[in-house]
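Here is the structure we will look at, set down as structure tokens.
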Amino acid sequence: MSLLKYGLLTVVSLLLPLSMQAQFMDYGSDPARFKWNIVKLPHYDLIYPQGTDSMAYRYALYLENAYPHVQKTIGKPMKATFPVILHPANMNSNGMVAWAPRRMELITTPSSDLGMQRWDKHLVLHESRHVFQTGKVMSGIFKPLYYIIGEQAAGVASFFLPTWFLEGDAVSTETGLSNGGRGRMPEFNMAYRAQMLGTDRFYSFDKWQLGSYKDYTGTYYALGYDMASYARQRYGADIWDKTTSRYTRNLLFAGSFKHFTGSGISRLYDDTFDYLRKEWEKLDSNTLPPTYLSPEAKSYTTYRYPQVLNDSTVIALKSSLKDINSLVSIRNGKEQRLTYIGNINSRLSFNNGCIYWTEITPGIRWAHENYSELKQYDLSTGRIITLTPRQRYLAPDIDKTGSLAAVSRPQIDGTNELVLLQLKDGKEIAAFRVPDNGFIKELTFGATNTVITVTVDDKGINLLELNTRSGTWRKLLQATSVNITSPVWNNDRLYFESGVNGTNNIYYLNPTDSLVYRATDARFGAFDPAFTPANDRLLYADYQAKGYRIASLPTDSMLHERADLSKPTPTPFAATLAAEEGYNLDTAQLTPVPFAPKRYYKGTHTFKIHSWAPFYYNVADALKAGADDLATLVKPGAMILSQNALNTATLQAGWYYSKGHHHGKLAFTYQGWFPVIDLSVDYGAKAFDMSWVKNDKGNETMKGQYTDRNLLEAQARIYLPFNLSKNDRIRGIQPALTYYVTNNRYQQIDSREYRNFQYILPEVRIYNYRRKAARDLLPRSGYQLRLQHLSSPFNSENYGSLYAARLTTYWPGFIRNQGLMLRFGYQYQALNGKALYLPEQLLESTRGYNYLYQTRQQWAVKGDYAFSICSPDVSLGALIYIRRLRANLFYDLTQNQANQQNGWTTQSSAGIDLVFDWNVLRMSYPLTTGVRLTQPIDYGRFQAEMLFSISF
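Each residue of the sequence shown is one higher than the one before, starting from 1 at the first, in our numbering.
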């Protein structure tokens, strides 16, 4: 390997501290009451909560059967078994593969946005591909790096791999190896199709990939799928195998791709969408233009789930880049906001003057225990009520009488039920197991005493009808591999949305003959059907380049075109991918796997050393590094890192050399119990003694002297992170207790004894603020309150106690998405009869000044006004992409009284932060850089300092 490659690899390795969040992702922990099992499989170690064995076996079956096929087009199978952890109590359906420690974490609750494939199969195919991607790049020049820095090496190896490729290649895999996958769903590419055919401007590759605060740019999952799949279709199934193989020898992903194709990444983007334009133009049709009820927006705005209040008023869910989810009423084209809501995960349902939906609500403590609760908004009172707290309900629908709700309930153990609820008190009336344990992703009340469900099982999508009196199920339609959503029973027909003809449209099923007909001819997509009380108009959400609009179509002008759900219009690339893979997890005969679970004890698996390094950086410091810290972040030394599979314990231990002294460092966090415990110890440098001596005037004063003792600093902190978030508010309370001790000794003023300095800091933090929209720089409303009391009980002759209160408030700015933050602080130090000021600070210093430790009383007022200047979305070649330029005007005022006899002194300053949000080298990690200009008003000189942060 050339010296240039060695040098570049060394630089990237030293950038490890900047990628802490990507490297050591804390995905959260499960409830402490869970007991765990482990199954040793040929290629995986599957860890799961006890009581979920049947579900765990399905994951084991799919993981092992998919294993030899997932690697086919990427190569390099992993050599060591890979940990897989199942989280069944979390309702935020997702999965992820992390580098250090290497693991796959799967949230097993099916997504209500699920397509036509079982959630467990979808997760296995997608996340397994990430396992092989990571394993693949740990070869070539990166292979020796493992022995130097451990599993962190995978982060270095993946540093220059674009996110669009990693996620797009995984979507290609899930699509090619199954009957499902997002690549087979027209809505997956709808944003690109509408922008390309519905406007005169198609965005640049950088804008689609790296995002925008000005326009909606979809996700890099879809962009990556299109580009990765087109490359396979044009250059062969092994193009990414060859590209990544060469990348592991030269660190150049784009150059490696060009070596085999003669095409750069920008050219690949152009060729991909030139091809897709031709495919989409073949489908371009709009023979039934609707009337629009929602206003035309100037920027991307979404109106979904229309519910008819009366002949002139429609209620819908509205969201946009500039505002969070809200319920709105639309009357004669004019809009009125009803209320803001939280993290909705269902359609709306309207009955008897109330709107119903389900919403994900966090648990009070555990990241992997949360709920999906049934909510009710009463139009007459304007209040939101939680009807079913701490439940796992999805996809609600309300019967015609307004007294019953039907919901889907995926259980923690993997079983699925349809549940009937009494709306007056939220109590369960009956629960019905779903045939073949299918997952009900949506449902609707049908004819008398029936509920119709859209169910996903091993065969694909099913339409099932439950007789709620007899408890019997009936199949309305043979299983299909096309997506079906939004079922609505109207006028003895079942209406729903599907993309079977290559564009999402509204269809209906006639139960008498089981035939399906298409009702709309949307250009880009029609969703969420609803009907007026007179059944004379069909309402739906019509997708356009600027978002979804509520559309209206006379029912007598609907299409009645026969449709065959068994013969969907092929989506681009899917057939090619399937032919290249030659294996289908949905249709293959699966080979049983050995499944012998054993108890997995949390205590004996507290530590898992995964990484090390011949240098030292503090993980906690790296996560919050600013511009001033970068030069000193990495130090000479060595370290080891530990994080266990259940994310309950992390540890960093090491040695470093700083300012002429050797240090030993240990940091440990445990979050497996209800309280979180943080411990840290630093041993090194030299401790000092502070002694009382008399000065020239005969007055006693403190004088310090370094000793031969090695300095020891230790801190223990315990806190309770109560999460009380609800609706549109982020809320919580966090009591904490910190104990700090050092062997720096202070001589007591009376007894003349030397005592180690130590303090106890009880505190409580209370917060309540509104969720932020994509463009918001600060919350539009809310507060954070922090109360603290610091005392040094074993140094009471010298020190009193320090009390502090801090209040941060958030206010809307003059223009939407601008924000005002006002901070107030008061600090009091009990000095009566005490000899010294405490050498600790609780209030923040005034910008542009050093902190005033000599304080009896101090109060502070700080104001910040944050606003966006512009969002240019401009690229400088492949080097830089600038998303936003923003500013923050600030003014600080602090008044301090050193003691009771002195007057008040003032520190005040004003200034501005000028900040760029940008990306470098087309990497998805957003950078924030800028400058802070501060003018002290009372004394001191003008100052300029750099600002820097990076997000992963």
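Where is the CB? At the ideal position from N, CA and C, for every residue including glycine.
Limits of the unbroken alpha helix (DSSP H) element including residue i
{"i": "H130", "result": "W119 to V137"}
{"i": "F273", "result": "I265 to L283"}
{"i": "F573", "result": "Unbroken run through F573: none, as it is neither H nor E."}
{"i": "L885", "result": "No alpha helix (DSSP H) holds L885; the beta strand (DSSP E) holding it covers I880 to Q897."}
{"i": "L541", "result": "The sequence shown places Ala at residue 541, not Leu. It is not in any alpha helix (DSSP H) - A541 instead sits in the beta strand (DSSP E) that spans R537 to Q544."}
{"i": "L210", "result": "F205 to L210"}
Three-state secondary structure (DSSP) of residue i
{"i": "K242", "result": "helix"}
{"i": "N727", "result": "coil"}
{"i": "K258", "result": "helix"}
{"i": "L293", "result": "coil"}
{"i": "S54", "result": "helix"}
{"i": "M227", "result": "helix"}
{"i": "W366", "result": "coil"}
{"i": "M104", "result": "strand"}
{"i": "E844", "result": "coil"}
{"i": "L444", "result": "Residue identity differs from the one stated: residue 444 is Thr in this sequence, not Leu. Of the three classes helix, strand and coil, the one that applies to T444 here is strand, per DSSP."}
{"i": "Q307", "result": "strand"}
{"i": "Q829", "result": "strand"}
{"i": "I412", "result": "coil"}
{"i": "V957", "result": "Outside the displayed span of the chain (1 to 952) sits residue 957, for which this structure offers no information."}
{"i": "A237", "result": "coil"}
{"i": "V619", "result": "helix"}
{"i": "Q21", "result": "Model confidence at Q21 stands at a pLDDT of 45, short of 50, so the residue's coordinates are unreliable; what they give is reported in the following sentence. Note: Q21 maps to helix in three-state DSSP."}
{"i": "L490", "result": "Reading off the sequence, residue 490 comes out as Asn, not Leu. In this structure, N490 counts as strand in the three-state DSSP scheme."}
{"i": "M1", "result": "Confidence at M1 is low in this model, with a pLDDT of 48, below 50, so the placement of that residue should be treated as unreliable; the coordinate-derived value is given next. Reduced to three states, the DSSP call for M1 is coil."}
{"i": "V931", "result": "strand"}
{"i": "N189", "result": "helix"}
{"i": "A627", "result": "Unreliable placement is indicated for A627, whose pLDDT of 47 sits below 50; the coordinate value is still reported in the next sentence. It is helical."}
Closer than 8 Å to chain C by CB, residue i
{"i": "D513", "result": "In the structure shown, chain C does not exist; there is a single protein chain."}
Sequence-distant residues of its chain with Cβ nearer than 6 Å to residue i (five each side left out)
{"i": "Y616", "result": "K635, G637, M639, G654 and Y656"}
{"i": "R347", "result": "Y305"}
{"i": "L838", "result": "Y799 and L802"}
{"i": "Q117", "result": "S178 and G180"}
{"i": "T569", "result": "N501 and G502"}
{"i": "N817", "result": "K322, R775 and D776"}
{"i": "W612", "result": "G150 and I640"}
Contacts around residue i, its chain only, beta-carbon distance under 7 Å, and the 5 residues preceding and following it disregarded
{"i": "A237", "result": "T73 and E580"}
{"i": "M1", "result": "With a pLDDT of only 48 at M1, under 50, the local geometry of the prediction cannot be trusted, and the value read off the model is given with reservation. Excluding residues within five positions, the ones whose Cβ falls inside 7 Å are I141."}
{"i": "L831", "result": "G800, R856 and N899"}
Residue interval of the beta strand (DSSP E) (run including residue i)
{"i": "G95", "result": "G95 to W99"}
{"i": "Y810", "result": "L802 to P812"}
{"i": "Y925", "result": "Neither: Y925 is in no beta strand (DSSP E) and is coded neither H nor E."}
{"i": "S320", "result": "T313 to S320"}
{"i": "D397", "result": "L394 to I398"}
{"i": "S326", "result": "S326 to R331"}
{"i": "E945", "result": "Q943 to I950"}
{"i": "D457", "result": "T450 to D457"}
{"i": "K40", "result": "W36 to K40"}
Close Cβ partners of residue i (< 8 Å) along its chain, the five nearest in sequence each way excluded
{"i": "I324", "result": "Y340, D728, R770, R771, K772 and A773"}
> Between the region 73-91 and the region 99-116, are three or more C-beta pairs nearer than 8 Å?
Replying inline: As far as the Cβ criterion goes, the region 73-91 touches the region 99-116, which means the pair count is three or higher.
>> Between the region 475-489 and the region 507-515, can you find at least three pairs of beta-carbon atoms closer than 8 Å?
In response: By the criterion of at least three beta-carbon pairs nearer than 8 Å, the region 507-515 is in contact with the region 475-489.
>> Three or more C-beta pairs under 8 Å: does that hold for the region 431-441 against the region 406-421?
In response: The region 431-441, when compared against the region 406-421, does touch it at the 8 Å Cβ threshold.
> Can at least three beta-carbon pairs, one atom from the region 540-557 and one from the region 285-295, be found at a separation below 8 Å?
Replying inline: Between the region 540-557 and the region 285-295, the count of C-beta pairs closer than 8 Å reaches three or more; the two stretches touch.
> Can you list the beta strand (DSSP E) stretches of 3 or more residues lying completely in the region 673-753, in chain order?
Replying inline: Here the runs fully enclosed are 676-694, 700-719 and 729-747.
>> Between the region 229-246 and the region 146-153, can you find at least three pairs of beta-carbon atoms closer than 8 Å?
In response: Counting C-beta pairs closer than 8 Å gives fewer than three between the region 146-153 and the region 229-246, which falls short of the contact rule.
>> Three Cβ pairs or more, each shorter than 8 Å: is that satisfied between the region 729-737 and the region 692-711?
In response: With the cut-off at 8 Å, the region 729-737 and the region 692-711 do not touch.
> So, do the region 892-911 and the region 183-197 have three or more beta carbon pairs nearer to each other than 8 Å?
Replying inline: Between the region 892-911 and the region 183-197 there are fewer than three C-beta pairs closer than 8 Å, too few to call the two in contact.
> With a cut-off of 8 Å, do at least 3 Cβ pairs link the region 127-143 to the region 497-509?
Replying inline: These segments do not touch.
> So, do the region 344-362 and the region 371-382 have three or more beta carbon pairs nearer to each other than 8 Å?
Replying inline: Yes, the region 344-362 touches the region 371-382.
> Is the region 587-603 touching the region 35-47 in the sense that three or more CB pairs, one from each, lie closer than 8 Å?
Replying inline: With the cut-off at 8 Å, the region 35-47 and the region 587-603 touch.
>> Counting beta carbon pairs with one atom in the region 830-837 and one in the region 921-939, are three or more of them shorter than 8 Å?
In response: Taking a cut-off of 8 Å on C-beta distances, the region 921-939 does not touch the region 830-837, as fewer than three cross pairs fall below it.
> Given 8 Å as the limit, is there contact between the region 901-911 and the region 847-860, that is, 3 or more CB pairs closer than that?
Replying inline: These segments touch.
>> Does the contact criterion of 3 or more C-beta pairs under 8 Å hold for the region 49-67 versus the region 580-596?
In response: A contact between stretches requires three or more CB pairs, one per stretch, nearer than 8 Å, and the region 49-67 meets this requirement with the region 580-596.
>> Pairs of beta-carbons, one from the region 447-461 and one from the region 262-269, closer than 8 Å: are there three or more?
In response: Counting Cβ pairs under 8 Å, fewer than three are found: no touch.
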